[in-house]
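Working notes, beginning with the structure itself.
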Amino acid sequence: MDLTQFITKDMIWVQTPCQDQDALFEMVSERAASQNRISNQFLEKLTEREAVFPTGLQLEHYGVALPHTDPECVTEQFIAVLTSEAGIRFKQMADASQETAANLIFVLGLNEPHSQLAVLQQLMGAIQNEEHVKALLAAKNEDEVIETLSQVVLHLKGEEKL
Numbered sequence: 001m002d003l004t005q006f007i008t009k010d011m012i013w014v015q016t017p018c019q020d021q022d023a024l025f026e027m028v029s030e031r032a033a034s035q036n037r038i039s040n041q042f043l044e045k046l047t048e049r050e051a052v053f054p055t056g057l058q059l060e061h062y063g064v065a066l067p068h069t070d071p072e073c074v075t076e077q078f079i080a081v082l083t084s085e086a087g088i089r090f091k092q093m094a095d096a097s098q099e100t101a102a103n104l105i106f107v108l109g110l111n112e113p114h115s116q117l118a119v120l121q122q123l124m125g126a127i128q129n130e131e132h133v134k135a136l137l138a139a140k141n142e143d144e145v146i147e148t149l150s151q152v153v154l155h156l157k158g159e160e161k162l
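FYI, full-length UniProt numbering numbers position 146 of the sequence shown as 146, with every residue one higher than the one before it.
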């Protein structure tokens with residue numbers, strides 16, 4: 001399984017205009033709903049889950065967030081990828097009293113447990129390498145994001161070096 005199979009150009013926002021988590025969740029939900037990828041409860045459940053189980057991760061030089069929700073809210077699997085130079089505030093996974101400015105956000109719209117586990121493992125491998133995060137943040141368009149993620153996956157599998 002390869003996380004790139006769930007990523008499409010129409011679910012990538014390079015330098016998202018969103019200023020906060022609510023606007024980001026709403027924008028992703030509207031796009032996913034227009035493509036019949038989610039149920040009408042997706043936005044509500046995504047927001048609720050993030051409030052209870054925050055997904056922000058503070059890396060050495062960057063912030064990352066991996067918000068997701070219940071599988072029954074997803075009808076067609078997807079991963080939305082968003083970058084933000086200024087960062088969007090997310091409570092930290094390890095300590096909800098702390099916040100991080102997420103520069104790289106992956107909204108996971110997955111509905112199969114094995115998909116979610118495999119994707120999370122690949123994403124964690126990708127974001128633990130600062131060069132991978134830098135390359136994703138440097139992407140200027142959707143094609144560059146997809147190409148970078150494809151290279152990251154190959155690198156993680158040991159098939160090619162970035």
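Built from N, CA and C at the ideal position, the CB exists for glycine as well.
CB contact flag (residue i, residue j, <8 Å)
i    : j    : result
P71  : N36  : no
F53  : F6   : no
H68  : L117 : no
M93  : T55  : yes
I105 : L120 : no
V153 : D2   : yes
Residue from the options with nearest C-alpha to residue i
i    : options               : result
N40  : N141, V74, D22        : V74
Q58  : A101, Q121, N129, L24 : A101
H61  : Q128, K91, M124, E144 : Q128
E144 : M1, D2, I12           : I12
L123 : E85, H155, S97, E99   : H155
P17  : V64, E30, E147, A86   : A86
Q19  : S84, E30, L43, A65    : S84
S115 : F42, Q151, E76        : E76
E44  : A65, D22, V64         : D22
Residues that DSSP places opposite residue i in a beta bridge
i    : result
H68  : L108
I38  : V74
T4   : Note: T4 sits in no beta bridge, so no partner.
A102 : I88
V81  : I12, F106
Q58  : G63
Distance between residue j and residue i (C-alpha atoms, nearest Å)
i    : j    : result
T4   : A126 : 12 Å
A80  : D95  : 25 Å
A51  : R89  : 12 Å
N103 : A32  : 21 Å
L136 : K9   : 14 Å
I38  : S97  : 30 Å
S34  : K157 : 34 Å
K91  : V14  : 22 Å
E30  : G63  : 24 Å
A65  : E130 : 15 Å
E147 : P113 : 26 Å
R49  : E99  : 16 Å
Q151 : F42  : 30 Å
Just checking, does the segment 140-151 make contact with the segment 18-32 on the three C-beta pairs under 8 Å criterion? In the pairwise beta carbon analysis, the segment 140-151 is classified as not touching the segment 18-32: fewer than three pairs are separated by under 8 Å.
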